[in-house]
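Notes to accompany the following structure.
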Amino acid sequence: MTEPSTPPPAPAGNAPDDTAPDDTAVRLYGAAIARDPDVFYRDLRREHGPVVPVLLDGDVPAWFVVGYREVNHITSNPMLFARDCRRWNAWDRVPDDWPLMPYVGWTPSVMFAEGEEHQRRAGAIGDALDAFDRTELAGICEELADGLIDGFAGNGEADLVAQYSHSIPLLVIARLFGLPDSDVPTLVQDVAESLDADEKAVEAHQRIQQRMARLVAERRMRPGPDVPSRLLAHPAGLTAEEVTIDLLVVMAAAQQPTGNWIGNALRLMLVDDHFSMTFQGGRSSVDQALTQVLWEDTPTQNFIGRWAVHSCRLGGRDIRSGDLLVMGLAAANGDPQVRPADRSDPGNRAHLSFGHGEHGCPFPAPEHAEVIARTAIEVLLDRLPDIELAVPPDDLEWRPSLWMRGLHTLPVTFSPAAHGHGPVPFNQVPFSPQA
């Protein structure tokens, strides 16, 4: 059982002045970690237990939570472990150009809201998304998937990451947001650039925010059956500024994780003999592959974070008020206490890949992501049933990110096929995911 969050015993002597968890902290950065994360997480759990003292980029101290029960406990108790990063006790160690600043830099968005304010914002987002029927959403995704496939079906080869899996979520989001088709190529390029870590990324993010602000202004004048209009009309009384910044959150939360989910599931179905027959016309294993990926190669590997509201004890560690806790979602999913290596249930959906609790992925977003992912794969199976990897499985490379799990490329070959549908006009700019 997870230890309750109770005040630690009084220290014998003066408490240390710094905020480092302890002298055994493990550096939680570097490309080597991302190459084989499962082994890294297993070693951490064996050597340090469910809550690990770590150093983030620049040796900024934090706690890395790798136990399933501990992650579940933290995310279930927002009064003890909260989202407002301004309570962090290590801000004096964080430079303005810190690589992880996009994850921790406070904004007045739903991401960092708490309590009633978070319920107001997240509830409005959930209602705006829930207005789209699942069948309607699947139809939109099928149309867009067909358009993308038309762009490469005649070539007999493709990179399913750049040309397919990472493009579909953004195209669907653009449709749900009511963006005109003419805006999408620029948006695709800006989102790709915004994922990098340089000056270009800052400029790209600013362009995206400006476009969302214009979209909100347009919808105030001319409402439509889209997410921005529904947010503006919601009884929660959101301001234009709140809608603008929360649209950015929805876009960021949906695009790369869903794209990686599709790409990782396609990889699994191409390299695992258990799924090989699926690519000869069957669909029965698509849901199983999607679920297995959420357990074993979850798109969001780790999440920053939660900040301790009070000093407490967790997983055998003394956590101080204001300490940062990084949620090890992939590590928690692999916790042998909940998923023994010799016994796995393909129908078990108790993974933490969508988070948990008040700040988990809000309903109906997980359902929408699953509809998009399943439809994208099923359309591909229908259109290109003899698809095969163009390289040996061991040549596929994961992007060197500790935070997201996705491939650099997924090159495939297939029999060239005639276009079965007219291409959508905005499928000419492939998405180029960054590490």
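Each residue of the sequence shown is one higher than the last, beginning at 15 in this note's numbering. Think of the CB as a built atom: it goes at the ideal place given N, C-alpha and C, for glycine as much as any other residue.
Closest to residue i by C-alpha separation, out of the options, would be which residue?
i, options, result
"G455", "R97, L343 and H324", "As displayed, the chain neither begins before 15 nor continues past 449, which places residue 455 out of reach and without an answer."
"G44", "D71, D37 and E61", "D71"
"E232", "G192, Q220 and L201", "G192"
"L395", "D111, M93, L174 and L421", "L174"
"S181", "S335, G277 and I318", "G277"
"T305", "R363, F78 and A159", "R363"
"Q133", "P376, I401 and A383", "P376"
"G348", "E150, Q315, P378 and Q177", "Q315"
"T253", "P237, V230 and F317", "V230"
Along the chain, where does the beta strand (DSSP E) containing residue i start, and where does it finish?
i, result
"E171", "E171 to D173"
"D332", "R331 to I333"
"L67", "With the sequence shown as reference, residue 67 is identified as Pro, and Leu is not the correct amino acid for it. Looking at the DSSP string, the run of the beta strand (DSSP E) that includes P67 is V65 to L70."
So is residue i buried or exposed if we call it buried at 16+ other beta carbons inside 10 Å?
i, result
"P447", "The predicted position of P447 is uncertain, since its pLDDT is 48 and thus under 50; no value can be drawn from it."
"A268", "buried"
"V53", "exposed"
"H288", "exposed"
"S208", "buried"
"D32", "Low local confidence applies: a pLDDT of 46 at D32 is under 50, so the model's placement there is unreliable, with the coordinate-based value given in what follows. It counts as exposed."
"N274", "buried"
"S429", "exposed"
"G295", "Only weak support exists for where G295 lies, its pLDDT of 45 falling under 50; the value from the coordinates is given anyway. G295 is exposed by the Cβ-count criterion."
"A46", "exposed"
"R388", "buried"
"P313", "buried"
"R189", "buried"
"E256", "buried"
"M125", "buried"
"V405", "exposed"
"S243", "buried"
By DSSP's criteria, residue i is part of a beta bridge. Which residues make up the other side?
i, result
"R320", "L339"
"T314", "M418"
"W412", "L421"
"E402", "T427"
"C326", "I333"
"R40", "The amino acid occupying residue 40 in the given sequence is Val; Arg does not appear at that position. According to DSSP, V40 bridges with V68."
"A206", "Answer is none; A206 lacks a bridge partner."
"A96", "W321"
Specify, as a first and last residue, the run of the alpha helix (DSSP H) that residue i falls within.
i, result
"A76", "Where A76 is concerned, there is no enclosing alpha helix (DSSP H), although the beta strand (DSSP E) it sits in stretches over V74 to V79."
"C155", "R148 to D164"
"G140", "G129 to D144"
"T89", "Y82 to S90"
"E61", "P51 to H62"
"V124", "Element bounds for V124: n/a, residue is neither H nor E."
"L280", "A254 to V285"
"A383", "A379 to R397"
"L114", "Element bounds for L114: n/a, residue is neither H nor E."
"S243", "V241 to A247"
"F368", "Run containing F368: none; DSSP gives neither H nor E here."
"P183", "I182 to F191"
Does the distance between the C-beta of residue i and the nearest non-hydrogen atom of the ligand HEM fall short of 7 Å?
i, result
"P183", "This structure lacks the ligand HEM; in fact it carries no ligand of any kind."
- Message: Tell me whether the region 327 to 342 and the region 57 to 65 touch, counting them as touching only if at least three CB pairs, one residue from each stretch, are closer than 8 Å.
- Response: yes
- Task: Could you tell me whether the region 256 to 267 touches the region 407 to 420, where touching means 3 or more Cβ pairs closer than 8 Å?
- Result: no
- Message: Can you confirm whether the region 131 to 145 touches the region 375 to 392 when touching is taken to mean that 3 or more C-beta pairs between the two stretches lie within less than 8 Å?
- Response: yes
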